[in-house]
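Working notes, structure below.
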Amino acid sequence: MQSRSVFITTPIYYVNAKPHIGHAYTTIACDIFSRFRRMLFHDVKFTTGTDEHGKKIEQSAQNAGIITQLFVDQHSQLFRDLLPFLNIKIDDFIRTTEARHKKAVEFFWAEIKRNEYLYLGEYSGWYDIRNEAYFSEDELIDGKSPLGGDVQYMTEPCYFFRLSAFYDQLMNFYENNPDFIMPLHRRNEVISFVQQGLKDLAVTRTTFKWGIKVPKDPKHVVYVWLDALVNYLTLNGYPENADQNRDVFWQNSVHFVGKEIIKFHAVYWPAFLMAAGIRPPKQIVVHGWWMSEGEKMSKSIGNVQDPIKYCKLFGSDSLRYYLMREVPFGDDGNFSLENFIGRHNSFLVNSFGNLCYRLLSFIKNHADGVVTKHNTFTEDDPVFDDGVNRALAAAMKEMHQYAFSKCLERLEDAIAFANQYIDKQKPWALKKEGNINRMNTVLSLLLEKTYIITKFLMPFIPIAAEKILRQMNIPYEPIILLKERIPERINIGEPEIVFTKIDPANLTAFDVFAVDDD
Ligand code: MSP
1063 MQSRSVFITT PIYYVNAKPH IGHAYTTIAC DIFSRFRRML FHDVKFTTGT DEHGKKIEQS
1123 AQNAGIITQL FVDQHSQLFR DLLPFLNIKI DDFIRTTEAR HKKAVEFFWA EIKRNEYLYL
1183 GEYSGWYDIR NEAYFSEDEL IDGKSPLGGD VQYMTEPCYF FRLSAFYDQL MNFYENNPDF
1243 IMPLHRRNEV ISFVQQGLKD LAVTRTTFKW GIKVPKDPKH VVYVWLDALV NYLTLNGYPE
1303 NADQNRDVFW QNSVHFVGKE IIKFHAVYWP AFLMAAGIRP PKQIVVHGWW MSEGEKMSKS
1363 IGNVQDPIKY CKLFGSDSLR YYLMREVPFG DDGNFSLENF IGRHNSFLVN SFGNLCYRLL
1423 SFIKNHADGV VTKHNTFTED DPVFDDGVNR ALAAAMKEMH QYAFSKCLER LEDAIAFANQ
1483 YIDKQKPWAL KKEGNINRMN TVLSLLLEKT YIITKFLMPF IPIAAEKILR QMNIPYEPII
1543 LLKERIPERI NIGEPEIVFT KIDPANLTAF DVFAVDDD
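Position in the sequence shown counted from 1, then plus 1062, gives you the working numbering.
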């Protein structure tokens, strides 16, 4: 059975660049899932934050000619400032430069040291500064790291983590927790990575200073990934809340991540936690990349799109809907303004927006704004009722699997049923014929279904859904109940158009790329 509590996290974002659509994507997905679980009356903790240590950040600050602390303060603020634009509601925002996090990392370090999973040695290899990772000679591709960064050969004394000791434990864990990695095909990637063998991992650096110092050996700085991963524990009250194994949020922790950081979350992180005697998180939910001009959207490639611009131009609801609907969660997708406009116009305006406005304005203009239930049923009614119920139940199932686009497809089915039903029942003709009882039966059934669909859409498009629910004027609880019944008599509010069509002709000045990057 599903727990009623859930702890949802985004990765913490590097502060060496402005946030772009890729970052917004993960945060939006987490926000939608959080809102969805809240609408099931679950107890949700949803967090995000910034990853501020490491050589890469230190260098970016130097390049910008700003002292590192100021640089990270400014850039972290950009990620925080993005949240209201996207209409994201978080419970906590973490920065790895905060005192509470330093304390957690130091405590965590001491725990795995005490359990004898750390030892001092020497490390040599090709170091990719941009990605903060070492590679061996045979892993390099055309003189660059497999992640595409420039490398330099380095030797340094460092602490190693006994990752090799965790082979069996990790394999058992994956076997006993088949849902640990979502979607399922990602699980196979992780298992075959581990099957290739696990080498001990260098978990400190001496080549720079911008990080958390190793307790009792301060010339070593804790590896930025170990530091960063502990953020999830810091956010859960560690180390004061020492018994994470009994903590209901930890037991139900879900980390959303992009596919490039799966190894860190699904291999290293569980091993670090096991070394500290803490059970791994419940789930790692992996999504694909937004591409632009055929490549992963990223600051270093320079093909980023600015989410704030989209929110200002079209509203956060449209961006949230487009990102969730365009690409199955887990796959890569191409970000395109043309498709954005297409989806906005066809679903938000023509399909959903039109259903709501058409229904509510008919009630207002032809039924004095009042819908009264009546039992003048025909055989079409249970067919419609069942069709919508089935679509909603399927949407619910998809949502629990983090299949956001499929969930939206099922909701679109439900809306299509409603639009077909209204076309077939022709309430305007019923009115003309004076068949008022049948008209009321049709309108109340339509209103009831549209109301439930709108509530289900709330996590995706909260601003518009809220407006429409207000227009319906049905006293509602923010809870998704698939077979909810509305009251016998509804006196609706003032119908208004919520989504307007985007005309590409008016967007000639639209600057597709964010060229004003710092
Ligand atoms: N700081 C690490 C994560 C540490 S978590 C303990 C990091 N940061 S990052 O700034 O590079 O952000 C990575 C995350 O941003 C990805 O995992 C993904 O969630 C999101 N995205 C960044 N670019 C993206 C795309 N082009 N497409 C989709 N999401 C992407 O890695």
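Glycine residues also receive a C-beta, built at the ideal position from the N, C-alpha and C atoms.
| Asked | Found |
| --- | --- |
| Would you call the CB atoms of Ser1450 and Lys1511 closer than 8 Å? | The displayed chain sequence assigns Val, not Ser, to residue 1450. Yes, Cβ-Cβ distance for Val1450 and Lys1511 is below 8 Å. |
| Buried or exposed, going by whether 16 or more other CB atoms sit within 10 Å of the CB of Gly1111? | buried |
| For the structure I just gave you, are there three or more beta carbon pairs, one from the segment 1120-1131 and one from the segment 1558-1571, closer than 8 Å? | no |
| Could you tell me the alpha carbon to alpha carbon distance between Phe1575 and Thr1072, rounded to whole angstroms? | Confidence at Phe1575 is low in this model, with a pLDDT of 43, below 50, so the placement of that residue should be treated as unreliable; the coordinate-derived value is given next. Going from the Cα of Phe1575 to the Cα of Thr1072 covers about 25 Å. |
| For Leu1288 and Ala1453, what's the separation of their Cα atoms in angstroms? | 43 Å |
| Using a threshold of 7 Å, is the CB atom of Val1389 nearer than that to any non-hydrogen atom of the ligand MSP? | no |
| Do Tyr1087 and Pro1081 count as a contact pair if the criterion is CB distance below 8 Å? | no |
| Rounded to whole angstroms, how far is the Cβ of Asn1293 from the Cβ of Thr1158, which I believe are closer than 8 Å? | 6 Å |
| As a quick exercise: from Gln1345, Ala1337 and Ile1324, pick the residue whose alpha carbon is nearest that of Trp1312. | Gln1345 |
| Helix, strand or coil, according to DSSP, for Phe1095 in the structure here? | helix |
| Roughly how many whole angstroms lie between the Cα atoms of Val1286 and Phe1446? | 55 Å |
| Out of curiosity, what's the CA-to-CA distance linking Phe1098 and Leu1263? | 38 Å |
| Return yes when the C-beta of Gly1084 is under 7 Å from any heavy atom of the ligand MSP, and no when it is not. | yes |
| Taking C-alpha atoms, which residue in Asn1314, Gly1116 and Thr1562 lies nearest to Phe1043? | With the chain covering 1063 to 1580 only, the question about residue 1043 has no answer from this structure. |
| Does the separation of the CB atoms of Lys1117 and Phe1069 fall below 8 Å? | no |
| Quick one: Cα of Lys1151 to Cα of Leu1145, how far? | 8 Å |
| Once the 5 residues before and after Lys1164 are set aside, which same chain residues still bring their CB inside 8 Å of it? | Ile1274 |
| State the DSSP-derived secondary structure class of Arg1308, mapped to helix, strand or coil. | helix |
| Quick one: is the Cβ of Lys1468 within less than 7 Å of any heavy atom of the ligand MSP? | no |
| Report the option in Cys1373, Trp1352, Gly1364 and Ser1186 whose CA atom is closest to the CA atom of Asn1396. | Trp1352 |
| Assign His1282 to one of two classes, buried (16 or more other C-beta atoms within 10 Å of its C-beta) or exposed (fewer than that). | buried |
| For His1316 and Lys1371, I'd like the C-alpha separation in whole angstroms. | Here residue 1316 turns out to be Val, not His, going by the sequence shown. Distance between the alpha carbons of Val1316 and Lys1371: 30 Å. |
| Could you tell me whether the segment 1354-1361 touches the segment 1324-1333, using the rule of 3 or more Cβ pairs below 8 Å? | no |
| Within a Cβ cutoff of 8 Å, which residues of the same chain sit near Lys1426, ignoring the five residues on either side of it in sequence? | Ile1554, Glu1556 and Pro1557 |
| Which residue comes first and which comes last in the alpha helix (DSSP H) that contains Arg1551? | It is not in any alpha helix (DSSP H) - Arg1551 instead sits in the beta strand (DSSP E) that spans Arg1551 to Asn1553. |
| Quick check for students: name the residue ranges of the beta strand (DSSP E) that lie wholly in the segment 1412-1492, counting only runs of 3 or more. | 1432-1434 |
| I want to check one thing, is the minimum distance from the CB of Ser1360 to the heavy atoms of the ligand MSP below 7 Å? | yes |
| Per DSSP, what are the beta-bridge partners of Ile1346 in this structure? | Ile1243 and His1317 |
| Around the Cβ of Leu1122, are there at least 16 other Cβ atoms within 10 angstroms (buried) or fewer (exposed)? | Looking at the sequence itself, residue 1122 is Ser, so the reference to Leu does not match. Its Cβ being crowded by 16 or more others within 10 Å, Ser1122 is buried. |
| Excluding five sequence neighbours on each side, which residues of the same chain lie with their C-beta closer than 6 Å to the C-beta of Pro1390? | Ser1467 |
| May I have the straight-line CA-CA distance separating Ile1523 from Arg1382, to the nearest angstrom? | 7 Å |
| Use the C-beta contact count for Asp1241: other C-beta atoms within 10 angstroms, 16 or more gives buried, fewer gives exposed. | exposed |
| With the cut-off set at 8 Å, would you say Tyr1189 and Val1213 are in Cβ contact? | yes |
| Assess contact between the segment 1252-1272 and the segment 1223-1234, defined as three or more Cβ pairs (one per stretch) separated by less than 8 Å. Is contact present? | yes |
| Taking 7 Å as the cut-off, is the C-beta of Gly1210 nearer than that to any heavy atom in the ligand MSP? | no |
| Closest to Arg1267 by CA distance: which of Leu1291, Pro1219, Pro1301 and Pro1277 is it? | Pro1219 |
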